[in-house]
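Going letter by letter, the sequence shown gives residues 11 to 371 in the working numbering. This report concerns only the one structure given below.
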Amino acid sequence: MNKRIGILYPFTGKTFGGSHVSVINMIKKLDKKLFHPIIFLHKKGKILEFLKNEKIEFIYDENINLVESNNLIQFFIFSLKNYFKMKDIFKANEIDIVHSNDGLIHATWNIPVLLSGKKFVWHMRSRDNSRRLIIYSIFANQILSVSNYCKKNLPPMLNKKIRVIKNFFSHDLIKKSEITNKKIIAYVANYKQQKRPELFFKIANEVFNSNIKNINFYIFGTYSNNDKSKLLRLINKENCKNKISFMGLKFPIEPWIRKSTLTLSLGKNEGFGRVLIESMLNKSLVIATSGGAHEEIIKNGYNGIIVNHLDPKDISKKILFYLKNQKKMKKIIDRAFSYSKKNFITLNTSKEIEDLYCDIL
11 MNKRIGILYP FTGKTFGGSH VSVINMIKKL DKKLFHPIIF LHKKGKILEF LKNEKIEFIY
71 DENINLVESN NLIQFFIFSL KNYFKMKDIF KANEIDIVHS NDGLIHATWN IPVLLSGKKF
131 VWHMRSRDNS RRLIIYSIFA NQILSVSNYC KKNLPPMLNK KIRVIKNFFS HDLIKKSEIT
191 NKKIIAYVAN YKQQKRPELF FKIANEVFNS NIKNINFYIF GTYSNNDKSK LLRLINKENC
251 KNKISFMGLK FPIEPWIRKS TLTLSLGKNE GFGRVLIESM LNKSLVIATS GGAHEEIIKN
311 GYNGIIVNHL DPKDISKKIL FYLKNQKKMK KIIDRAFSYS KKNFITLNTS KEIEDLYCDI
371 L
């Protein structure tokens, strides 16, 4: 092939989360002699600065309207309006494939991509129960799923079109921070009800009632001042509130997780659970809620802990048990590290996604 395959990864640009991190890690692994990856942003946001720092090529254009309505008539009208603008972008940047990674992007780009004669990859990163599901399925040349849990939501007739592909992660050889008396419990999630932030603070409140000292809670993600105030009201002891830190967005997150003793992942029906693997790779014990794809990753008691009930007292008892039983915790952490490194670093190369791109052209 004389020219590189041009791949466009559109994002809304307003948020920064796991799908962005996975795409950034994937772009770094792609063979740049064969592929020319570009990220597209509809809006300015924190991701723009991250892309600059990571020296990843991107396009920013607010003239492409996001299709945010579920109204099918508006969906087709907006798609036709966007088509002419997108066609110019495809031509100017020699784009062959559009690889979408979230719901708004699926709705906004699929028809213009089809009309332009380009290939469309729909990447399912969460369980989608919307009526637009079938529309996306029809227009996509290839459907990717981050887990079997997400894949099961699609009609069986589409199985030949679907591939389950692992998320991409980075990993370095920096050693775990030296053990100190300070115990850090991490929670990595933007403020969304699906992530159960209130449950995290109720758990923290129960832990503070224990006799274990020097426990601190770090929250990584985007929270408004109103969100912070509302959550802190769930902590009964006023003097314990200063042991809770809102750390904001951190990229890369790995050095921060590496400092954490334990990571809580409390999301409801997670499509994958990226923080689980990030924590395993950085030797932080994972305690996660059951359901979704969590149980595709965690074998309870072997490489992490699954909790089946959402009672803050029960979960806090699990936390305190492992903080008091360091040997048991270390065994689980070591097994989790081996599992995650083998399955998500050593055996998780870019070859499968590169082959996929080549196959659909």
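Note that the Cβ used here is the ideal one computed from N, Cα and C, for glycine as well.
In the three-state reduction of the DSSP assignment, phenylalanine 210 falls in the helix class.
Between the alpha carbons of arginine 137 and asparagine 279 lies a distance of about 8 angstroms.
Within the region 39-99, the runs of beta strand (DSSP E) at least 3 residues long that lie entirely inside it are, in chain order, 45-51, 68-70. Between the C-alpha atoms of alanine 102 and isoleucine 69 there is a straight-line separation of about 11 angstroms. Under DSSP, isoleucine 316 shares a beta bridge with Ala298.
For isoleucine 87, the closest of Lys128, Thr118, Glu59, Tyr228 by C-alpha to C-alpha distance is Thr118.
If one requires a minimum length of 3 residues, the beta strand (DSSP E) runs lying completely within the region 98-135 are 107-110, 129-134, in chain order. Secondary structure note for isoleucine 229: its beta strand (DSSP E) is the uninterrupted segment 225-230. Secondary structure of alanine 346 (DSSP, three-state): helix. Put simply, of His133, Pro207, Asn163, Tyr159 the residue whose alpha carbon is nearest the alpha carbon of glutamine 152 is His133. The three-state secondary structure of arginine 14, taken from DSSP, is coil. Taking the C-beta atoms as reference points, valine 131 is found nearer than 9 angstroms to serine 110. Around the C-beta of asparagine 120, 16 or more other C-beta atoms lie within 10 Å, and the residue is accordingly described as buried. Note on the region 244-282: whole alpha helix (DSSP H) runs with a minimum of 4 residues are 264-268, in chain order. About 14 angstroms separates the CB atoms of threonine 299 and glycine 281; that is not less than 8 angstroms, and the two are not in contact. In this chain, the alpha helix (DSSP H) harbouring serine 326 covers 322-334. Where leucine 154 is concerned, there is no enclosing alpha helix (DSSP H), although the beta strand (DSSP E) around it starts and stops at 152-155. Taken atom to atom, the span from the alpha-carbon of lysine 65 to that of leucine 330 is near 42 angstroms. Here lysine 193 is near asparagine 224, since their CB atoms are less than 9 angstroms apart. Rounded to the nearest angstrom, the Cβ distance from arginine 345 to tyrosine 312 is 6 angstroms, consistent with a contact under 8 angstroms.
DSSP lists Phe50 as the beta-bridge partner residues of proline 20.
Only exposed fits glycine 258, as fewer than 16 other CB atoms lie within 10 angstroms of its CB.
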